[in-house]
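Below is one structure; the comments refer to it alone.
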Amino acid sequence: TSFLLGCGVFDRPWLRKMLTKFETKSARVKGITFHPNRPWILASLHNGVIQLWDYRMCTLLDRFDEHDGPVRGIDFHTNQPLFVSGGDDYKIKVWNYKQKKCLFTLLGHLDYIRTTFFHH
């Protein structure tokens, strides 16, 4: 769940105990996704930054900053070292987190990108 200047990972199913809290420099976390195999989360922020966190170690592993405005949609690929993001800049970007770069950008959308995911 997100809150002012960060987000938290809670136990399930009742969300009574916060397991980890992540501090961000943005006013809001707009999206979050869990890696399918590693103890990682991606947090997409209102300021356009995407942060990669290790939620067991509470460590910021990397940050990706190429969106112009809030990033709302974010998703890890299940088999490849990729993630996809979409935001208020009308752009969808596909990233390689091992190479630490954006591979390509999909243009042509006429409105905000609210959600993104890989079709498996």
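In this note's numbering, the protein residues as written are 7 to 126. Think of the CB as a built atom: it goes at the ideal place given N, C-alpha and C, for glycine as much as any other residue. It should be emphasised that the depicted structure is a prediction, and the values quoted were computed from it without experimental measurement.
I'd like the list of long-range same chain contacts for residue i, defined as Cβ closer than 6 Å, with 5 residues on each side in sequence excluded.
i: PRO76; result: LYS36, HIS52, GLY93 and ASP94
i: GLU72; result: CYS108
i: PHE9; result: Since pLDDT at PHE9 reaches only 46, below the 50 mark, its modelled position is unreliable, and the value read off the structure follows with that caveat. None.
i: TYR96; result: HIS115
i: ARG62; result: PRO45
i: ARG34; result: HIS52
i: ASP117; result: none
i: LEU113; result: none
i: THR121; result: GLY79
Using CA atoms only, rank isn't needed, just tell me which of the options is closest to residue i.
i: CYS108; options: GLY114, LEU116, GLY79 and LYS99; result: LYS99
i: VAL90; options: LEU66, PRO45, SER50 and ASP68; result: SER50
i: THR39; options: LEU112, LEU113, ASP81 and TYR96; result: ASP81
i: ASN102; options: GLN86, LEU112, LEU113 and THR65; result: GLN86
i: LYS104; options: PHE70, THR122 and GLY54; result: PHE70
i: ASP68; options: LYS106, ASP74 and GLY54; result: LYS106
DSSP beta-bridge partners for residue i?
i: LYS99; result: SER91 and THR111
i: GLY54; result: According to DSSP, GLY54 bridges with nothing at all.
i: THR39; result: LEU48
i: ILE119; result: According to DSSP, which records beta bridges pairwise, ILE119 is partnered with nothing at all.
i: ARG69; result: GLN57
With a threshold of 8 Å on Cβ separation, who are the neighbours of residue i within its own chain once the five nearest residues in sequence on each side are excluded?
i: THR84; result: PRO42, PHE124 and HIS126
Assuming residue i and residue j form a contact by the criterion Cβ under 8 Å, report the distance between their Cβ atoms to the nearest whole angstrom.
i: ILE119; j: ARG78; result: 6 Å
For residue i, collect the residues of the same chain with a Cβ closer than 7 Å to its Cβ; drop the 5 residues on either side in sequence, then sort them by chain order.
i: PHE167; result: Residue 167 is absent from the model: the chain starts at 7 and stops at 126.
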